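Sequence positions in the sequence shown follow the numbering used here and run 1 to 136. All residues carry an ideal CB built from backbone N, CA and C; glycine is no exception. All values reported here derive from a predicted model rather than from experimental measurement. Comments concern the structure below.
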Amino acid sequence: MSLPRAKLLKNFPGCPVEATLSFLDGKWKGVILFHLMDGTLRFNELRRKLPAVTQRMLTKQLRELEESGLVSRTVYPVVPPRVEYALTPLGETLKPVILALAAWGDEYVFCRPDGRHIRDVTAEGSCGPAVALQGN
């Protein structure tokens, strides 16, 4: 049986990549951070930007990002309640990482009706045909 990621991190504290990925771990966290880079968004604005995510999953991912200190949640005492999400100063420091992921995706990942594909880069440095990604 494998150990939860949190327990693994305690055994390998010198691995900054694993530690960083543990905060971004989750199908939607990176995408949420990407959209919050443009500024504060209300919950339903985020939902509209992520039509494939369920309300429950979006709430869960936002709570985890808030718990890790990357996203702030502001509730306004009005009826109906208004909730806004924004990057914290710590979350802002991830902008270069998120932008690098977006740039790599723009260059090498292609979304088609039959799924996501990755461009095959040959040894000469030129790009070959796209190869289907596992787990479309």
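Using the C-alpha atoms, what's the distance from residue j back to residue i?
{"i": "Phe43", "j": "Val17", "result": "30 Å"}
{"i": "Leu49", "j": "Cys15", "result": "Inspection of the sequence shows that residue 49 is occupied by Lys rather than by Leu. Each residue's Cα considered, the two are about 33 Å apart."}
{"i": "Met57", "j": "Glu84", "result": "17 Å"}
{"i": "Pro81", "j": "Lys60", "result": "18 Å"}
{"i": "Glu67", "j": "Arg73", "result": "10 Å"}
{"i": "Pro113", "j": "Tyr76", "result": "41 Å"}
{"i": "Pro89", "j": "Asp106", "result": "26 Å"}
Ignore the nearest five residues each way along the sequence and tell me which others in residue i's own chain have a CB closer than 8 Å to its CB.
{"i": "Val109", "result": "Arg116, His117, Ile118, Arg119 and Leu133"}
{"i": "Glu64", "result": "Gly26 and Lys29"}
Based on the DSSP secondary-structure assignment, which residues constitute the bridge partners of residue i?
{"i": "Thr74", "result": "Glu84"}
Give the range of the alpha helix (DSSP H) segment to which residue i is assigned.
{"i": "Thr59", "result": "Gln55 to Glu67"}
{"i": "Lys49", "result": "Phe43 to Lys49"}
{"i": "Val17", "result": "Pro16 to Leu24"}
Spatial neighbours of residue i within its chain, please: CB distance less than 6 Å, with the 5 preceding and 5 following residues excluded, ordered by chain position.
{"i": "Ile98", "result": "Leu33 and Phe34"}
{"i": "Thr40", "result": "Glu84 and Ala86"}
For residue i, collect the residues of the same chain with a Cβ closer than 7 Å to its Cβ; drop the 5 residues on either side in sequence, then sort them by chain order.
{"i": "Ala102", "result": "Phe34"}
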